[in-house]
Amino acid sequence: MTLTTKWFLPGFSLLLGVIFLVALWIGGEPRSGLFSLLVMAGLGGLILIGGRSEMVRGLRGDGRDEYWVGVDNRATLLTGNVTLAMIIGMCAWEWAHGRSGTPYVQLGAVSGLVYIIALGVSRWRS
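For what it's worth, the working numbering labels the leading residue of the sequence shown as 5, then goes sequentially.
Structure below.
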């Protein structure tokens, strides 16, 4: 199964739902786990049957062209920037309240390290 098949994203959504179900069940929250599974399966179903929508087809990957690759790249960049801003803000909040900032510090450190490695690899390959 490649990333461009219409079945990948619905299948991945279902897999995440099962993972959430198992994790929450182990954590003593089986009802929350079942709810998570239903939400993720529903999302996967909507993505699978929404094939006439250009946005769903672009999200799913089965109608991808240069335009959709660019849209996806811009959306991914914005998502990453907002996530990093939130991680930095949450670190500062935790520190201002006398706490260690964990796990936000760890997420920020991993993000920074991945960025530096990706920058180096991208520079080396070009």
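A virtual CB, placed ideally from N, CA and C, is assigned to each residue, including glycine.
Supposed close pair Ile51, Leu63 - CB separation, criterion 8 Å | 7 Å
Note down, in chain order, each residue of its chain lying with its Cβ closer than 8 Å to the Cβ of Ala27, except the 5 sequence neighbours on either side.
-> Gly37
Go to Glu33, then tell me how far its alpha helix (DSSP H) extends in each direction, as first and last residue.
-> First-last for Glu33: undefined, no H or E at that position.
From Ser126 to Asn77, what distance separates their C-alpha atoms?
-> The straight-line gap from Cα to Cα measures roughly 15 Å.
Three-state secondary structure (DSSP) at Thr83?
-> helix
Pairwise C-alpha distance: His101 and Met5 | At Met5, the pLDDT of 43 sits below 50, so the modelled position is not reliable and the matter cannot be decided from this model.
Gly49 versus Trp72: straight-line alpha-carbon distance, rounded = Taking the straight line from one Cα to the other gives about 22 Å.
How would you call Pro14, buried or exposed, if buried means at least 16 neighbouring beta carbons within 10 angstroms?
-> Burial call: buried.
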